[in-house]
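Report on the following structure.
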Amino acid sequence: MVNTLENGATFSVEVNGRFYDASLINPAAALQNNGRTVNLRFELPKDSALLPGELAYLTVNRQINKPGYWIPMSALTDGVRGTWNIFSLTSQESDSHSFRVERRLVNLLYATESQAFIAAELGEKPLIVSEGLHRIVAGAKVTATSAELVEGPKS
């Protein structure tokens, strides 16, 4: 998304709970290795009285017109190099309550404090693991009672 930010464009940034109009003066040149983030430099109003290097929050509105699923944030687990995964359950043909756990790579499109909007190929009526991710591994066979099965993510 950083490629869509134009040099000199004005954005609203939040620093220490206050909002400022700021002009982008240095678009990102490289990804940071520690979290796949980018550093941006903004020119703030002269009367802002902020210290150089203070952390600012930039909000950019973007409409994404693609299919996806809303899932609980607790269902996400980190993958390699900044990617995200979920664990889905695939039904075993012999028993409607027996499942195999599969790790699925997902594209995190949007997140709130409690929910994430992801893009992924999950098939019809997907079942995902939303809690207790530290207790399972991909490939494990699990058995669920009907009380434990809830409706999967909504697209």
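Quick note: the sequence shown uses numbering that gives the first Met the number 0, first residue 0, plus one each step.
The beta carbon of each residue, even a glycine, is placed where N, CA and C say it ideally should be.
Predicted, not measured: the structure shown is a model, and the values here were computed from it.
For residue i, the nearest candidate out of the options (CA to CA)
i: residue 41; options: 12, 126, 107; result: 12
i: residue 39; options: 46, 27, 111; result: 27
i: residue 48; options: 14, 22, 71, 58; result: 14
i: residue 7; options: 22, 138, 17; result: 22
i: residue 69; options: 128, 118, 2; result: 118
i: residue 32; options: 140, 121, 89, 81; result: 81
i: residue 84; options: 91, 72, 90, 95; result: 72
Beta-carbon gap between residue i and residue j smaller than 8 Å
i: residue 61; j: residue 86; result: no
i: residue 44; j: residue 20; result: yes
i: residue 142; j: residue 97; result: yes
i: residue 136; j: residue 100; result: yes
Simplified DSSP state of residue i, which is helix, strand or coil
i: residue 106; result: strand
i: residue 132; result: helix
i: residue 146; result: Annotation note: pLDDT 48 at residue 146 (below 50); position unreliable, coordinate value reported separately. Coil.
Cβ pair count under 8 Å reaching 3, the region 63-77 against the region 124-134: Contact between the region 63-77 and the region 124-134 is present, because at least three Cβ pairs lie under 8 Å.
3-residue-minimum beta strand (DSSP E) runs that sit fully inside the region 4-90, ordered along the chain: 9-14, 17-25, 40-42, 68-71
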